[in-house]
Every structure is written in structure tokens, then in C-alpha cells.
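Number of protein chains: 2
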Amino acid sequence: MAATVKSSVKVFGGLLQRLTHRSSACACDMTFAVYMPPQAAAAPVPVVYWLSGLTCTDENFHQKSGFARAASQLGLCVVMPDTSPRGVQIDGADDSYDFGSGAGFYVDATQPKWRDHYQMYSYVKAELPEVVAAAYPGKLSPAASICGHSMGGHGALTLFLKNPGMYRSVSAFAPICNPTAVPWGDKAFKGYLGSVEAGAAHDATELMRQYSGPPFKILIDQGAADNFLSGEVNQLRPDTFAAVCNERGVELELRMQEGYDHSYYFISSFIADHLAFHAAALK
Amino acid sequence: MAATVKSSVKVFGGLLQRLTHRSSACACDMTFAVYMPPQAAAAPVPVVYWLSGLTCTDENFHQKSGFARAASQLGLCVVMPDTSPRGVQIDGADDSYDFGSGAGFYVDATQPKWRDHYQMYSYVKAELPEVVAAAYPGKLSPAASICGHSMGGHGALTLFLKNPGMYRSVSAFAPICNPTAVPWGDKAFKGYLGSVEAGAAHDATELMRQYSGPPFKILIDQGAADNFLSGEVNQLRPDTFAAVCNERGVELELRMQEGYDHSYYFISSFIADHLAFHAAALK
Numbered sequence: 504m505a506a507t508v509k510s511s512v513k514v515f516g517g518l519l520q521r522l523t524h525r526s527s528a529c530a531c532d533m534t535f536a537v538y539m540p541p542q543a544a545a546a547p548v549p550v551v552y553w554l555s556g557l558t559c560t561d562e563n564f565h566q567k568s569g570f571a572r573a574a575s576q577l578g579l580c581v582v583m584p585d586t587s588p589r590g591v592q593i594d595g596a597d598d599s600y601d602f603g604s605g606a607g608f609y610v611d612a613t614q615p616k617w618r619d620h621y622q623m624y625s626y627v628k629a630e631l632p633e634v635v636a637a638a639y640p641g642k643l644s645p646a647a648s649i650c651g652h653s654m655g656g657h658g659a660l661t662l663f664l665k666n667p668g669m670y671r672s673v674s675a676f677a678p679i680c681n682p683t684a685v686p687w688g689d690k691a692f693k694g695y696l697g698s699v700e701a702g703a704a705h706d707a708t709e710l711m712r713q714y715s716g717p718p719f720k721i722l723i724d725q726g727a728a729d730n731f732l733s734g735e736v737n738q739l740r741p742d743t744f745a746a747v748c749n750e751r752g753v754e755l756e757l758r759m760q761e762g763y764d765h766s767y768y769f770i771s772s773f774i775a776d777h778l779a780f781h782a783a784a785l786k
Numbered sequence: 504m505a506a507t508v509k510s511s512v513k514v515f516g517g518l519l520q521r522l523t524h525r526s527s528a529c530a531c532d533m534t535f536a537v538y539m540p541p542q543a544a545a546a547p548v549p550v551v552y553w554l555s556g557l558t559c560t561d562e563n564f565h566q567k568s569g570f571a572r573a574a575s576q577l578g579l580c581v582v583m584p585d586t587s588p589r590g591v592q593i594d595g596a597d598d599s600y601d602f603g604s605g606a607g608f609y610v611d612a613t614q615p616k617w618r619d620h621y622q623m624y625s626y627v628k629a630e631l632p633e634v635v636a637a638a639y640p641g642k643l644s645p646a647a648s649i650c651g652h653s654m655g656g657h658g659a660l661t662l663f664l665k666n667p668g669m670y671r672s673v674s675a676f677a678p679i680c681n682p683t684a685v686p687w688g689d690k691a692f693k694g695y696l697g698s699v700e701a702g703a704a705h706d707a708t709e710l711m712r713q714y715s716g717p718p719f720k721i722l723i724d725q726g727a728a729d730n731f732l733s734g735e736v737n738q739l740r741p742d743t744f745a746a747v748c749n750e751r752g753v754e755l756e757l758r759m760q761e762g763y764d765h766s767y768y769f770i771s772s773f774i775a776d777h778l779a780f781h782a783a784a785l786k
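First to last, the protein sequences are chains A and B. Following this note's numbering, the numbering of the first sequence begins with 504 at its first residue and continues without gaps. Following this note's numbering, the numbering of the second sequence begins with 504 at its first residue and continues without gaps.
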């Protein structure tokens, strides 16, 4: 259903809006944010989808990343969806930070308890682009790229790999690279899909193992002081992903950023590089 | 009393820390944030004090303004105090957004109910610089400038005008320029100082009327779509201030920014210009 604008604010010469619509994929009202750069007044601009991590809404990225400076300079529309369905009545949906609300994991749930609403893969892949295009007629070119952080980095990598040709480029900050092998993925895939094995179809490392298309380049920034990389449990596994990329002839630029953590301060420090990487692919 | 570090995070090659100390001026524990740019590893760097507006803590600016990119490039330390004493037991201190907690107004209260704690003028002017210098020995040059937003713009302008030579330069975003003439100032000055008249000593426009020193330059950005400028009540009064600056031969660069509001999105769009303005004065 058509989206309605909840708020508008001018940032770096462009317009940041939050919009709400009735989602058919998720069977609930969904809110997303769109940054329209000043260049859109003159000609259609390409889109970068930003997928956020666990606990985030559509707001964290535009409040904290400082992305708008680079998006404005580069002439990129940035679309920022929420990370799960909201306002649905499912027992246990609000019990933990890493499952349910704020933790949709960018998959289409198959389990009875979740499948009526938790369809974030289809939402981001198919419904959201249509809703955005309809909300901004004539403003957007068909070219799109995708980027995300942590769970959203997992989402970006898997949406890109599962849909050849849909996105021009992909990049990520501290992505969950091999979720079938780590606790976050174990919990999400068992819960939404019924088994860890079913999650292999949404695991960037597993998808990369089967990759046989033309060579391409991925940009990943990973904080070397990230608690989720170097703590008790390595939830992220960039090294595993890098090894498989290497096997498949895919050029992964994995930048280990000394001293940086998992936060938006880390993202803010390098987001301009990522948007420039996408702009080069989109132009 | 010496400050202890509560948290540290790497941002744009520098270190953002939050510190807590027992404030003698405010007779309570106070938290502030410091951004130390990478250049401080090689030689002392100058300081810019950032004063936030109503309802803010030390966190809003470093979470939302994107300031660290420019501070890192320019080699500026940025010090971000809280906007009021905290954790003190004063009846009514938490009742409104524009008085009491989060609304210290950068004055030294004289009224019995508030004077034991609400000494934000002395805190920012005298105690905070000493605490910061002690926390970062050898890192800081004596040169300092000051900048702020809304109530913090009022604080920056008045601290600068009341203390000739203490700060090299001053700038502000949407400052409360003439608080004795508007509701925010009326409430703050009656409450903390006992009368609006007593507030004249903390009113940038009144201070400028008496200014007779050497010419200098002020930078102010004001959103033309700011609700507090163009709504029912004009709380900000930049035109009044501009007229008095003109009379006194002070060069005010007042930039009316078309379409921008009062938010951190507005600040983020222009903070790099302000830090460059201060860097030029500090080098």
C-alpha cells in the first residue's frame, strides 16, 4: 500500500523522510527512511539500500552514521528499512535482542509462529523497492546497490548473492559472514526456518561456496577491536568468508580497522568510503 | 577532583571518551565527553568547547552531529560538557524541559533553591578546563574556542563576550541571542537569578551593546525553517543580535539556511564549517 510521509527534515541539501505503509509481505505497518539527495531535483538518482543490525530501527543509521554528507555529494538516494515487523502480537517476540523484534535476520520465516509476519527477505527484496519507487515518482533510476552492518551486513551479502544482477555492488560493516556456524545464526535459523541447515540458503559463506558467476568486488570494513569478533564467541567470521571468496575468484577488500569497535562511531568513520564504492558501481 | 574514564571509542582515527568527576562548582558528579584527534599523539592540540541545548546531555553532539570527521582532519580536541547538574535532589528540577535538569542555561544561580548546584557558568568557564587539562596532560595547547547550539549557542556567545581573551573565536547554531526578551530566558533568569533584569549580564545582545573591544568575527548558522524562530514565539532573535553587532562594528556572519530546522540534522550539515572557522583562529 502507498506510503505516507511521517516526517521530513533537510540534511546536507537533501531531504530525509520517514514513511509508513501497510506491508503486504509482513502483514503489518512498516516504517522506513529515505534520503533524497539534492541531485534528484534535476535527474533520477540511483539507490543504496542500507540494512541495519540487531536492535536497530530505521532511525539508527540516519541519526548516527553521518552518511548524508557523502550521499549528498555523490548524489545517492539511501533507503533504510526497519529490521523486523513491528506491532505484531507474537508471544516471545520482544524477549531477546537477537530474535524477534529488531532481529528479522532478512529471511522469510517458514515456522508457523513467525511466518505470517517475519518475511523480511521478501520485504527488502521486492516490496520495499516498489513502495519507494511509488513514493518518489521520477526521482529514482533503476540502479541499486546494497550495504549493511552486522545482521544487516549478513542481509546485504545474502540478498546480493541470491539475486544476481539485482544490485550493482555490495559492501558491509562487520557482517555476520557465516551465520550457520555461530550462535546468532543458530538461534535465528532454528527459530524462523526450523533448522540451522535451512539457514545455509541465507549464509553468505555458503552462498559464496557455490558462486560461479563473473568476478566482482566486495568491500568489508571490520573493526579489529570489535567485541563480537574477538570476544568469547566470534559471531562474525570474516576470515572464513575471505577464504571462500579467494577460492571463488571474488575480490574481497577486507579492511581490518585497528582499534575500532562494532558501533556507529566505527561506521561513521568509514561510511563515506562505502558510499563512494557504490557510487562508482552505480554511475 | 580528577576525572575517571567511563568509556572510550575510536572515531575517525581519534579517541572519544566520556569522563566523570566530582564537580566542586556544581557539588555533584558531572559527566563530559572529549574527542582527542590523532594529531594529539604528536603535539598539543587546541580545544573547542561545544555547549549543547535544552534537554541534551554530553552525548547528543557526539552521537548525532558527525563532528568527528572535521575535528580529526583539523586536529581539534572537542570538549562536550553536560547541560546541567545531575542527580541532585531539588524539588521540581525534572518537571520541565526548559528549566532544571538539562537546562542549566550556563549561568551561576543565585536563588537559594538552585545556587548550591546550578553553577554551570563557573563550571564551563573555570572548572571544566582544569579537569580536562589534568585528564590529558601534555595533549592540549592553551588555545581554546567555543561553539554551541540553541541554549548552548547562548552559552557560547555569553561566555565569549564576558571573558575577553579567554576564547580565540566563537560560533553558534540557532543561538538564543536575546534571552531577556523571550520566554526561555524569562523562565531561566527568574528561576536561577531571581529576575529577568539580572539576566542582562548573561544576554548576548545586551553584552554586545556594551562591547567596546577590538573588532572580531562571529559565525552563526540559523535554520530558516526553525520552529523556534518562525513559530508562535521567536525564541532566538538573531536579527536583534545582528543589528547590535552591526552598531558595534563586530562582523557577524549570520547565515540563514533555507529549509533547515533546529535539529542535529541541521547541525550535522554545517558543523564542518564551524570547526574550520575555529581552526583558522586557533592555529
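The beta carbon of each residue, even a glycine, is placed where N, CA and C say it ideally should be. Since we're looking at a predicted model, the values are computed, not measured.
In this model, A/A727 and A/R758 are separated by some 9 Å (Cα to Cα). Contact note: A/K509 does not reach chain B at a C-beta cutoff of 8 Å; the least C-beta distance is about 15 Å. Chain B has no Cβ within less than 9 Å of the Cβ of A/L732.
Counting the other CB atoms within 10 Å of its CB gives A/Y768 a total of 16 or more, which places it among the buried residues.
A/G517 places its beta carbon 9 Å or farther from that of A/A612. Using a CB distance below 7 Å, the part of the stretch 744-767 of chain B facing chain A consists of G762, Y763, D764, S766, ordered along the chain. Taking a Cβ-Cβ cut-off of 9 Å, the neighbours of B/A571 in chain A comprise G569, Y768, S771, S772, given in sequence order. B/K690 is outside the set of residues whose beta carbon lies under 9 Å from a beta carbon in chain A. DSSP, reduced to helix, strand and coil, places A/T507 within a strand of the structure shown.
Segment contact: the stretch 682-690 of chain B against the stretch 629-636 of chain B, fewer than three CB-CB distances shorter than 8 Å; contact not assigned.
In this structure, DSSP gives A/Y538 an extended state, which the three-state scheme calls strand. Of B/M583, B/V508, B/A629, the smallest CA-CA separation from B/M669 is found for B/A629.
In the structure shown, B/S648 falls within a strand segment according to DSSP collapsed to helix, strand and coil. Its chain contains D601, F602 as the residues whose beta carbon lies nearer than 7 Å to that of A/K690, once the 5 sequence neighbours on both sides are disregarded; these appear in chain order. When DSSP states are grouped into helix, strand and coil, B/L755 belongs to the strand group.
Contact between B/D724 and B/F676 holds: CB atoms are separated by about 5 Å, below the 8 Å threshold.
Sequence-distant partners of B/F564 (beyond 5 residues in either direction) whose C-beta falls short of 7 Å from its own C-beta, in its chain, are W553, S555, F570, M583. With 16 or more other Cβ atoms from the protein chains shown falling within 10 Å of its own Cβ, A/P549 counts as buried. Sequence-ordered contacts of the stretch 514-545 of chain A with chain B read V514, F515, G516, L519 [C-beta pairs closer than 8 Å]. Close to B/V512, with beta-carbon spacing below 7 Å, are these residues of chain A in chain order: D764, S766, Y768. Boundaries for A/Y695: no beta strand (DSSP E) harbours it, while the alpha helix (DSSP H) harbouring it runs 686-696, taken from the DSSP string. When DSSP states are grouped into helix, strand and coil, A/M669 belongs to the coil group. Exclusion of the five residues before and after B/A782 leaves L577, L579 as the residues of its chain whose Cβ lies within less than 7 Å of its Cβ. Look at the stretch 549-570 of chain B: the residues with a C-beta under 7 Å from a C-beta of chain A are Q566, K567, G569. Between B/L739 and B/L732, the C-beta gap is smaller than 9 Å, which places the two residues in contact. Put simply, the backbone Cα of B/G688 is about 54 Å away from that of A/T661.
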